[in-house]
Amino acid sequence: MLEQLPALQVVLPLIAAPLIVLVGRAGFGWAAASLVSWACLAVAIGLATRVAGGGVISYAIGSWPPPWGIEYRVDALSAFVLVLVSLVAAIVAPYARRSVAAEIEPDRRYLFYAMYCLCLAGLLGMVITGDAFNLFVFLEISSLATYVLIALGPQRKALVASYQYLLLGTVGATFYVIGVGLLYLKTGTLNLADMAERLRAVEELRPVLAALAFITVGIGLKLALFPLHAWLPNAYAYSPSMVSAFVAATGTKVSVYVLLRYYFTVFDPAPLFETLPTRELFIALSVAAMIVASLVAVFEKDVKRLFAYSSVAQVGYITLGLGVDNLSSLTGSIVHLLNHGVTKGAIFLLLGAVALRSGSVRLTLGGIAGLGRRMPLTSFALVIAGLSLIGIPGTAGFVTKWYLIVGALDLGLWWLVGAIALSSLIAVAYVWRVVEAAYLREPSGAVPAGEAPAGLLVPAFLMTALCVYFGLETSFSVAGAREAAELLLSGGRR
Amino acid sequence: MSEVAAHFSYWVTIFLMVAGMYILIARGNLMKKLIGLATLQTSVYLLYIAPGKLIGGTAPIYAEGFATYSNPLPHVLILTAIVVGVATLALGLAIVVRIREAYGSIEEDEILAKDRAEAGLED
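Sequence lines, in order, name chains A and B. Residue numbers are given in this note's numbering: position 262 of the first sequence equals residue 264, and the series is strictly consecutive. Residue numbers are given in this note's numbering: position 70 of the second sequence equals residue 317, and the series is strictly consecutive.
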């Protein structure tokens, strides 16, 4: 049974989806989605404990041995991301029942849960697979499910947001598959580990460089690398509350994982990067994201769009570590996958609770005026998650910034520390605008007094508690991320 | 010249790729954008399949009298990619239908103008 864990990780949600459609009831859909999410978390933790200490699990699907068959491969990095995705799923799924009941029409609710299960299966599959083309298929499974989930949003703008994401997401996936095609032409293999081996022997680098460019832009679109983030703000802002939380916490993170995989495992050989300014490029784009997107967030009136722009800035922190490219900064990057996932997940879950109480499809800063008096617990949790977003000591966000700053200082990049500090200051400004509206303005009529039902509050507070937990107790998060970063750096570069 | 002619499948691939991207970016009609997207995806099918074919090669079934075989793997991959492409196109078309129901238009500029007018009323 234990040997089958890697397959179960993907198969459980994949089977749950058609089952939910066959039964066709929202209650069953919710129960199945929640159970599957918890089971996935258990499987992910089981896998993580088995690879702890440098182990690698290789699982041959259908017993076809790699590199001919599709290989599922779990190492320190993929186990870390699997735990992140399934942890978020396990908290968000129970939240869905009340939130979906309020936002989605009754005859579509069971389909919503089926789509959620497919999205989860796709995301987990992208992380666990060791096959380049299988990764593309999982990427499209999760993307197609995400487009549907976003289109179910209560406003008609959700349709346009979903359509725009569909166009850009498909271009991204197509670019990725072009890159894979070029690599396949050059190496004759689709297994990522095998491909890395064979690329070392390739002497003509031009097709490989083209593949690198296509994969970077393609995955860059999916992870909302500045300036390829145009789809993200509307997609997060107009989707149902539960989808905002789930996609914001997991979607871009999994794409970052794919980029890390390609940069550090597949495109291993140093000659490829010696001729290219990839590090400078990533640092420049990341700093631009951290500052420009944060500034846009400061001037945004719609609360969900405000935090969506903040997500673009936070993705900047993650890719910054990729650009600085040493042990501390990569640890910072990888741990921020988890820290930002938890923080942004908590914020969107709390905003979902506010949306449910206010009954309005759109949350503006004016609309949440006086929230501190109307929903004191929710507002307090929102402040804590906001502090984690800024990076106050004692919260998860601080841990990330610490490692990023240490990484930058190791290379003597003082100006980068200034950029991180400046971006944090701008974050203070946009979080303050939310806090100011919630606590210092007179209550408007929009939000009635009283907290949201416990079905929403418990998951939201649990996620908020994790923001503080991962800020104080870093034995899982930082240790896991450091192990993953060491694994990446030992891949052969340098 | 022979160099160019020998790689004609690549030239066709590149033409389809660029034409698809151009339609996707330059057209404001949501349907036409999807046509551009489909063209872009089609170029990838060619990129994979053309190099898999060897001139004079047969299907990879071991038999007397045949020595060169074409590579079947790209065909299998592209079969999957075609399914993905069809699913994407179907979903895209479904969303366009819903957009037309909600906005009464499938022209991007008209939809954005309606969104802006709506936002103007709220502020």
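Heads up, the beta-carbon is just placed ideally off N, CA and C, and yes, glycines get one too.
Thinking C-beta only, is A454(A) closer than 7 Å to A355(A)? What you label residue 355(A) is simply residue 353 of the first sequence in a count that begins at 1. What you label residue 454(A) is simply residue 452 of the first sequence in a count that begins at 1. For A355(A) and A454(A), yes; Cβs fall inside 7 Å.
Item to check | Cutoff 8 Å; reference L459(A); Cβ partners in own chain excluding five residues on either side | outcome: Along the first sequence, read from residue 1 onward, the residue named residue 459(A) stands at position 457. Result list for L459(A): A355, L379, T380 and E453, in chain order.
Review point. So with Cβ pairs under 7 Å, would you call T305(B) a contact of chain A?
Key: For this step, residue 305(B) is matched to residue 58 along the second sequence. Cβ-Cβ to chain A under 7 Å: no for T305(B).
_To the nearest angstrom, how far is the alpha carbon of I416(A) from that of V408(A)?_
Working through the first sequence from its first residue, we reach residue 416(A) at position 414. Working through the first sequence from its first residue, we reach residue 408(A) at position 406. Residue identity check: residue 416(A) is Trp in the sequence provided, not Ile. Distance between the alpha carbons of W416(A) and V408(A) is about 10 Å.
Quick one: what does DSSP say Y167(A) is sitting in, helix, strand or coil?
-> Taking the first sequence and counting its residues from 1, the one referred to as residue 167(A) is at position 165. Helix at Y167(A).
ask   = Quick check: the segment 84-104 of chain A against the segment 31-49 of chain A, are there 3 or more CB pairs under 8 Å?
value = yes
If you drop the 5 nearest sequence neighbours on each side, which residues of the same chain put their C-beta closer than 7 Å to that of L389(A)? Walking along the first sequence from the start, residue 389(A) turns up at place 387. So the list reads T397, once near-sequence residues are dropped.
Practice task
Kindly indicate which residue of E365(B), T315(B) and N276(B) has the alpha-carbon position closest to the one of P166(A).
Solution key: For this step, residue 166(A) is matched to residue 164 along the first sequence. Looking at the sequence provided, one finds Gln at residue 166(A) rather than Pro. With distances taken between Cα atoms, Q166(A) lies closest to N276(B).
query = chain A partners of V291(B), CB-CB under 7 Å?
reply = What you label residue 291(B) is simply residue 44 of the second sequence in a count that begins at 1. Ordered by position in chain A, the residues that pass the 7 Å Cβ test against V291(B) are T176, V179, I180 and G183.
Can we say the segment 250-262 of chain B touches the segment 346-361 of chain A, given the rule of at least three CB pairs closer than 8 Å? no
* Asked: Using Cβ-Cβ distances below 7 Å, what residues of the segment 258-288 of chain B are close to chain A?
  -> L271, L277, K280, L284, L287 and Q288
*asked:* Suppose the cutoff is 8 Å on Cβ atoms and the five residues either side in sequence are ignored; what does the same chain contact list for A364(B) look like?
replied: Position 117 of the second sequence, counting from 1, holds the residue named residue 364(B). Same-chain partners within the cutoff: there are none.
For chain B, is any of its Cβ atoms less than 7 Å away from the one on T172(A)? Reading the first sequence from its first residue, position 170 is the one you call residue 172(A). Taking Cβ atoms only, chain B reaches closer than 7 Å to T172(A), which makes this a yes.
(request) Indicate whether at least one CB of chain A lies closer than 7 Å to the CB of P298(B). (result) Counted from its first residue, the second sequence places residue 298(B) at position 51. Yes, contact with chain A.
*Pairwise C-alpha distance: G323(A) and F255(B)*: Residue numbering aside, residue 255(B) sits at position 8 when the second sequence is read from its first letter. Residue numbering aside, residue 323(A) sits at position 321 when the first sequence is read from its first letter. Cα to Cα, F255(B) sits roughly 42 Å from G323(A).
Review point. Any Cβ of chain A within less than 7 Å of the Cβ of A253(B)?
Key: Along the second sequence, one-based indexing puts residue 253(B) at 6. Not an interface residue.
Q | Nonlocal neighbours in the same chain, by C-beta distance under 7 Å from V480(A), ignoring five residues either side | A | Residue numbering aside, residue 480(A) sits at position 478 when the first sequence is read from its first letter. Correct list, in chain order: T333, V337 and V401.
Item to complete: May I ask you to list the residues that DSSP assigns as paired with D133(A)?
Response: The residue labelled residue 133(A) in the question sits at position 131 within the first sequence. The partner list for D133(A) (beta bridge, DSSP) reads N193(A).
### Query
Just checking my contact of L141(A) with I106(A) at CB under 8 Å: how many whole Å lie between their CB atoms?
Counted from its first residue, the first sequence places residue 141(A) at position 139. Counted from its first residue, the first sequence places residue 106(A) at position 104. Rounded, the Cβ-Cβ distance is 25 Å, inconsistent with contact.
Fill in: Status (buried if at least 16 other CB within 10 Å, exposed otherwise) for D500(A)
Limits of chain A in this structure are 3 at one end and 496 at the other, which puts residue 500(A) out of reach.
How about Y432(A): is its C-beta nearer than 7 Å to some C-beta of chain B? Within the first sequence, the letter at position 430 stands for residue 432(A). Taking Cβ atoms only, chain B never reaches closer than 7 Å to Y432(A), which makes this a no.
request  = Decide if the segment 214-230 of chain A is in contact with the segment 174-183 of chain A; the criterion is three or more beta carbon pairs, one per stretch, under 8 Å apart.
outcome  = yes
Open item on the list: Going by DSSP, what residue range makes up the alpha helix (DSSP H) through Y61(A)?
Closed with: Working through the first sequence from its first residue, we reach residue 61(A) at position 59. Counting along the chain, Y61(A) falls outside any alpha helix (DSSP H), though it belongs to the beta strand (DSSP E) covering I59 to A62.
Query raised in the report: At what residues does the alpha helix (DSSP H) containing E444(A) begin and finish?
Result: The residue labelled residue 444(A) in the question sits at position 442 within the first sequence. Note, E444(A): premise wrong, no alpha helix (DSSP H); not H, not E.
Can you list the residues of chain B that Y165(A) reaches, using a CB-CB cut of under 8 Å?
Looking up residue 165(A) in the first sequence gives position 163. Near Y165(A) (Cβ distances below 8 Å), the residues of chain B are L277, G339, I342, V343 and I346.
Problem - Proximity winner among Q11(A), G29(A) and G56(A), relative to A44(A) (alpha-carbon distances) - result: The residue given as residue 44(A) occupies position 42 in the first sequence. Closest by alpha carbon: Q11(A).
Just tell me which of G482(A), L120(A) and V449(A) has its CA closest to the CA of V13(A). In the first sequence, residue 13(A) corresponds to position 11, counting from 1. Closest option to V13(A), Cα to Cα, is L120(A).
Residue interval of the beta strand (DSSP E) (run including R75(A)): Within the first sequence, the letter at position 73 stands for residue 75(A). Counting along the chain, the beta strand (DSSP E) containing R75(A) begins and ends at E73 to V76.
#### Entry: Reduced DSSP category for G494(A) - H, G, I as helix; E, B as strand; rest coil
Translated into the one-based positions of the first sequence, residue 494(A) becomes position 492. For G494(A), the predicted model reports a pLDDT of 44, less than 50, meaning its position is unreliable and no value from the coordinates is stated.
Inset, instruction - Could you check how far apart the C-beta atoms of F216(A) and G181(A) are, in whole angstroms? I think they sit under 8 Å. - result: The residue you call residue 216(A) lines up with position 214 of the first sequence. The residue you call residue 181(A) lines up with position 179 of the first sequence. 4 Å between Cβ atoms; contact.
Output, in chain order, the set of chain B residues within a Cβ distance shorter than 7 Å of E107(A). Counted from its first residue, the first sequence places residue 107(A) at position 105. None at all; the shortest Cβ gap to chain B is about 13 Å.
Problem set entry | Own chain partners of L169(A) with C-beta closer than 7 Å, once the 5 adjacent residues on each side are dropped | Within the first sequence, the letter at position 167 stands for residue 169(A). If we look at L169(A) and ignore the five residues flanking it on each side, it has no Cβ neighbours.
For the segment 120-147 of chain A, enumerate the residues whose C-beta is nearer than 7 Å to any C-beta of chain B, in chain order. F135, V139, E142 and L146
*asked:* Check this for me: beta carbons of R376(A) and V449(A), under 7 Å apart or not?
replied: Against the first sequence, residue 376(A) aligns to sequence position 374. Against the first sequence, residue 449(A) aligns to sequence position 447. Taking 7 Å as the Cβ cut-off, R376(A) and V449(A) qualify as a contacting pair.
task: Helix, strand or coil for T366(A), going by three-state DSSP, please let me know.
output: Here residue 366(A) is taken as the residue at index 364 of the first sequence, counted from 1. Three-state result, T366(A): strand.
- [ ] Verify the CB distance criterion: does A334(B) have a CB-CB separation below 7 Å to chain A?
- [x] Position 87 of the second sequence, counted from the start, is the residue given in the question as residue 334(B). Taking Cβ atoms only, chain A reaches closer than 7 Å to A334(B), which makes this a yes.
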